[in-house]
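Numbering (this note's numbering), first residue to last: 114 to 505. For every residue, glycine included, the Cβ atom is placed at its ideal position computed from N, Cα and C. Some notes on the structure that comes next.
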Ligand SMILES: [Ca+2]
């Protein structure tokens, strides 16, 4: 006991000394926020814009260089200025089921945000019997960036069946103006094939949360009409391909089997009947029949060792020609940024970046300035800017 006390005291003195040292060396502290990394396409500079975000999950860029909105999984939404100042929690956000993987999750600005100021949030919402489901709501961001006004829920995943896992919850507005939401199967595997439930589905909604009349299952009384595609496990990335106009999705497999899919209306993506993965116990998935089955869509890319992928964006900026049309994906377990080169709809090359940072990467977004922006999944999480040296 005494030894432990002494050790803590020694550590305390060392920490205090380090703090004093740091406070007298502001220039050193500033430079330590930037690191440089050799990559296949040249040197990449990573700048820490801010740290101190609690389990940040998703970010959205405000127009006119007004900074970003960042969700924190415990249930807060914050503004981060371009200079890296974190605002106070924005009021008016929904109560969230902040357990396990649940909480405040994705964010998307309305396509007409510049005049409507409407912000969409995806979150896990508590229900009866200690179970939760993904929900989508929207509110109007006040001019001073302090309040989300008149927040209303426009969609609820039914039935609520998650104990705290597999919420999915990535959102993306399509070129058709509709909102696409990728929903996890709440670890209720067979539900992903049940069309009378929202588990393991991508749903397509109007901006008001209504069912668009041309959704693929409209008119069938045994199917939830919001469903656009099914047979998904736990989607964690959703992005529109800038050239083909198709919706790309990625999702966590079990042990092995993280995969990327191209989403087509009414299609079945296999889970849990078709999968490349096995259970974490090493045993097969009970419902799995094959890696591929007739009538089901195969993934366009599969990782045999799951990096635990999260966040996805196509690089469309002009600033880094070496990254043109590449697909970027974050990795939680592998603590790296994954760069994928595409030829048509095929992934032809993969590069792992930023391993030296050792950060669990939760979200990846392409910024309006041609840089990539990352969020790290930590209690003291960071917002990072990633730039490819323009001389490359
Ligand atoms: Ca699949």
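- Per DSSP, the continuous beta strand (DSSP E) segment holding residue 151 begins and ends at 147 to 152.
- Apart from sequence neighbours up to five positions away, the residues of its chain that approach residue 197 with a beta-carbon distance below 7 Å are 162 and 163, ordered along the chain.
- Looking at 304, 235 and 279, the one whose alpha-carbon comes closest to that of residue 292 is 235.
- Assigned with DSSP and collapsed to three states, residue 342 falls in strand.
- C-alpha of residue 424 to C-alpha of residue 479: approximately 11 Å in a straight line.
- As for any beta strand (DSSP E) of minimum length 3 sitting wholly inside the stretch 393 to 427, the runs are 414 to 416 and 422 to 427, ordered along the chain.
- For residue 219, the secondary structure class from DSSP, reduced to helix, strand or coil, is strand.
- Secondary structure at residue 306: helix, using DSSP grouped into helix, strand and coil.
- According to the DSSP assignment, residue 236 belongs to the beta strand (DSSP E) that extends over 231 to 239.
- Straight across, the Cα-Cα distance linking residue 341 with residue 326 is about 12 Å.
- For residue 263, the uninterrupted beta strand (DSSP E) segment begins and ends at 261 to 269.
- Taking residue 299 as the centre and dropping the five residues before and after it, the same chain places the C-beta of 274, 275, 279 and 312 closer than 6 Å to its C-beta, in chain order.
- Taking the Cα of residue 449 as reference, the smallest distance to any Cα among 476, 427, 352 and 457 is reached at 476.
- The criterion of a C-beta distance shorter than 8 Å is satisfied by residue 220 and residue 171.
- For residue 298, the CB stays at least 7 Å from every heavy atom of ligand 1.
- For residue 337, the closest C-alpha among the options 399, 305, 320 and 158 is that of 305.
- At least one heavy atom of ligand 1 is found less than 7 Å from the C-beta of residue 388.
- Relative to the non-hydrogen atoms of ligand 1, the Cβ of residue 416 never comes closer than 7 Å to any of them.
- Per the coordinates, the alpha-carbon of residue 263 lies some 37 Å from the alpha-carbon of residue 303.
- If you draw a 10 Å sphere on the C-beta of residue 419, you find 16 or more other C-beta atoms in it, and that means buried.
- Residue 359 sits away from residue 374, with the two beta carbons spaced by 8 Å or more.
- Short of 7 Å from the beta carbon of residue 400, and not among the five residues preceding or following it, lie these beta carbons of its own chain, in chain order: 302, 303, 385 and 386.
- The beta carbon of residue 374 sits closer than 7 Å to at least one heavy atom of ligand 1.
- Its Cα nearest to that of residue 501, the residue 158 stands out among 146, 158 and 148.
- The three-state secondary structure of residue 311, taken from DSSP, is coil.
- Under the three-state reduction of DSSP output, residue 291 falls in the coil class, being neither helix nor strand.
- Contact between residue 441 and residue 452 is confirmed by a C-beta separation of about 6 Å, below the 8 Å threshold.
- In summary, residue 237 is buried, with 16 or more beta-carbon neighbours lying within 10 Å of its beta-carbon over all protein chains present.
- When DSSP reads this structure, residue 444 sits in a beta bridge with 422 and 449.
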